[in-house]
Every structure is written in structure tokens, then in C-alpha cells.
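Numbering (UniProt numbering), first residue to last: 1 to 123. Positions of the beta carbon are idealized from the N, C-alpha and C atoms, including for glycine. As the structure is a computational prediction, the values presented were derived from the model and not from experiment.
So this is what it looks like as C-alpha cells:
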């Protein structure tokens, strides 16, 4: 088998589905998320709601340029939108893409309620 002729996948990671998701996770850990809650040990995992507008793009690029480069995110405009990020106990990060802030808030609140139920049972 000639490895030089084998195509290389655009993005391989054991934790993230894309460079965008890796940067969004970094943003959530650095306090950029609009809201975050949960715990990776819980049934909901750690979760964060992130909404970025085009007006914030310059600030995002300035403050998180290193994270974008490290993740291989070529187009920072991929961060513009409404996202719900969930990190599970096995370390995987899943990101849902929403059409509106209202939709992402609704799902965030459902996760928050489920997490509070879980935390109440654990107390």
C-alpha cells in the first residue's frame, strides 16, 4: 500500500466533529458562553449556550486567534450563529446548530431542568 497516495481526511479528532466545534468548546471554557451549566459526570453532561453575531466576529478573532489556529479553523465566520454544546463524561463534545436564539434557549432550559433533577437526586 502506497501511503503517499492515500487521501487524508480533512479533520480527524477523537473529541470534536469539526474545527468549529473545538473552538466553540474553547470559548465555553474561557467564559464566552451566554450560559453554561451541568457536569460531565451528570446525565446531561456539561452544556453551554453560545450565540455569536457578525458584530462580534472581530472581537472573537482578536481574542481567540490562537485557539482558531490550533483547531485549524480557517473561516472564523463559522462561529456566527446559535449553538448548544454538550460535553459528555467520555470527553466527546457535541454541538447543535440552531436557527434562532429562542430555539437554543428553549433546549438549554430543558437541559438545565434535567440537570437540576439529576443533582437533586444525587443530594
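For residue i, I'd like the list of residues in its chain whose CB is within less than 7 Å of its CB, leaving aside the five on either flank, ordered along the chain.
| i | result |
| --- | --- |
| residue 97 | 81, 83 |
| residue 115 | 37, 38, 42, 44 |
Rounded to whole angstroms, how far is the Cβ of residue i from the Cβ of residue j, which I believe are closer than 8 Å?
| i | j | result |
| --- | --- | --- |
| residue 23 | residue 57 | No, residue 23 and residue 57 are not in contact; Cβ-Cβ is about 12 Å, not under 8 Å. |
| residue 34 | residue 20 | Going by Cβ atoms, the distance from residue 34 to residue 20 rounds to 17 Å, so no, they are not a contact pair. |
| residue 111 | residue 95 | Actually they do not touch by this definition, with Cβ atoms about 13 Å apart. |
| residue 62 | residue 76 | Going by Cβ atoms, the distance from residue 62 to residue 76 rounds to 10 Å, so no, they are not a contact pair. |
| residue 16 | residue 93 | 5 Å |
Specify the secondary structure class of residue i as computed by DSSP and reduced to three states.
| i | result |
| --- | --- |
| residue 73 | coil |
| residue 67 | helix |
| residue 112 | helix |
| residue 119 | helix |
For residue i, count neighbouring Cβ atoms within 10 angstroms of its own Cβ and tell me buried if that reaches 16, exposed if not.
| i | result |
| --- | --- |
| residue 109 | exposed |
| residue 68 | buried |
| residue 74 | exposed |
| residue 132 | Past the boundaries of the shown model lies residue 132; the chain is included only from 1 to 123, so the question cannot be answered. |
| residue 100 | exposed |
| residue 182 | This structure leaves residue 182 out entirely; the chain is present only between 1 and 123. |
With a threshold of 6 Å on Cβ separation, who are the neighbours of residue i within its own chain once the five nearest residues in sequence on each side are excluded?
| i | result |
| --- | --- |
| residue 88 | 45 |
| residue 52 | 79, 80 |
Verify the CB distance criterion: does residue i have a CB-CB separation below 8 Å to chain C?
| i | result |
| --- | --- |
| residue 120 | Of the protein chains in the structure, only one exists, and it is not chain C. |
Counting only runs of 4+ residues fully inside the stretch 24-108, write out the alpha helix (DSSP H) ranges in chain order.
Correct list: 57-63, 65-71.
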